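*Asks:*
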Amino acid sequence: MTHTTPTSALTAAAPDARSLRDALGRFATGVAFITATPDGKPTGLIVNSLTSVSLTPPLIAFCPSRHSLTWSRMRRAQRFAVNVLGRHHERFAMRATPAGTDRFAGLDWQPGHGGLPLLTDALATLECEIVAEHPTGDHWIVVGRVDNLRTSPIKDPLVFFAGALGALK
Ligand SMILES: Cc1cc2nc3c(=O)[nH]c(=O)nc-3n(C[C@H](O)[C@H](O)[C@H](O)COP(=O)(O)O)c2cc1C
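In my numbering, the protein residues as written are 978 to 1146.
1) Pull up the distance between the alpha-carbon of V1120 and that of E1106, whole angstroms please.
2) Rounded to the nearest angstrom, what separates F1057 and R1072 at their Cα positions?
3) Distance check for D1124 and T1033, CA to CA, integer angstroms please.
4) Let's test the definition: count the other Cβ atoms within 10 Å of the Cβ of L1100 and tell me whether it reaches 16, buried, or not, exposed.
5) Looking at C-alpha atoms only, which residue of T1102, F1138 and Q1087 is the closest neighbour of T1128?
6) Specify the secondary structure class of H1111 as computed by DSSP and reduced to three states.
7) Heavy atom of ligand 1 less than 7 Å from the Cβ of T1074, yes or no?
8) From F1010, P1041 and A1005, pick the residue whose C-alpha is nearest to that of H938; which is it?
So, in structure tokens, the structure goes:
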């Protein structure tokens, strides 16, 4: 069986960015703080585009914008950590989202292997080596190989749905 795109799908009108955001906003996700230490300086980016890719080998991916100044610095580190955020991080996530803010101000973290910033109260942390970075549309697809992880017993995630942060229940 082949997997080709029918011509009708190729000629259909492309959805505008607002409609696409609204539709995908109905897909509830968690929220993560991706961290790295390019040039020894703790740096981080809030994302909801995190996904698992492969169990063997252990691969994950997330999608930073190609306009992200923060990611353009972070990628130099060749390694990053995923900090899965909990409901208790809601105010932090709102404060840390605008470009140009000091995202580590007042944050409680410890260095992991190679100095990757790991939040002490994250629901899980995964330390990764960048194994691929694919330019795709206006974002990158960054694939990381997990070489260290830690899971917390806390089961109260931060959730992103319909453009708003919230809790699961
Ligand atoms: C819940 C949430 C999810 C986000 N997910 C992403 C994402 O997956 N990719 C991305 O590039 N930016 C995402 N952002 C925006 C970035 O966190 C950040 O605001 C943006 O990249 C501008 O900052 P920068 O110039 O420092 O990169 C998200 C923001 C929020 C609040």
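Every residue gets a Cβ at the ideal spot worked out from N, C-alpha and C, and that includes glycine. No experiment lies behind these values; they were computed from the predicted model shown.
*Replies:* Here's the rundown:
1) Locating residue 1120 in the sequence shown gives position 143, where the first residue counts as 1. Locating residue 1106 in the sequence shown gives position 129, where the first residue counts as 1. Roughly 8 Å between the two C-alpha positions.
2) Counting from 1 along the sequence shown, the entry for residue 1057 is found at position 80. Counting from 1 along the sequence shown, the entry for residue 1072 is found at position 95. Cα to Cα, the separation comes out at about 21 Å.
3) Counted from its first residue, the sequence shown places residue 1033 at position 56. Counted from its first residue, the sequence shown places residue 1124 at position 147. Answer to the nearest angstrom: the Cα atoms are 12 Å apart.
4) Mapped onto the sequence shown, residue 1100 falls at position 123. L1100 is buried by the Cβ-count criterion.
5) As a first step, residue 1128 is located in the sequence shown; it is residue number 151 there, counting from the start. Checking every option, the nearest Cα to that of T1128 belongs to T1102.
6) Locating residue 1111 in the sequence shown gives position 134, counting from the first residue. In the three-state reduction of the DSSP assignment, H1111 falls in the strand class, which pools E and B.
7) Reading the sequence shown from its first residue, position 97 is the one you call residue 1074. Yes.
8) The structure shown does not extend to residue 938, since the chain spans only 978 to 1146, so no value can be given for it.
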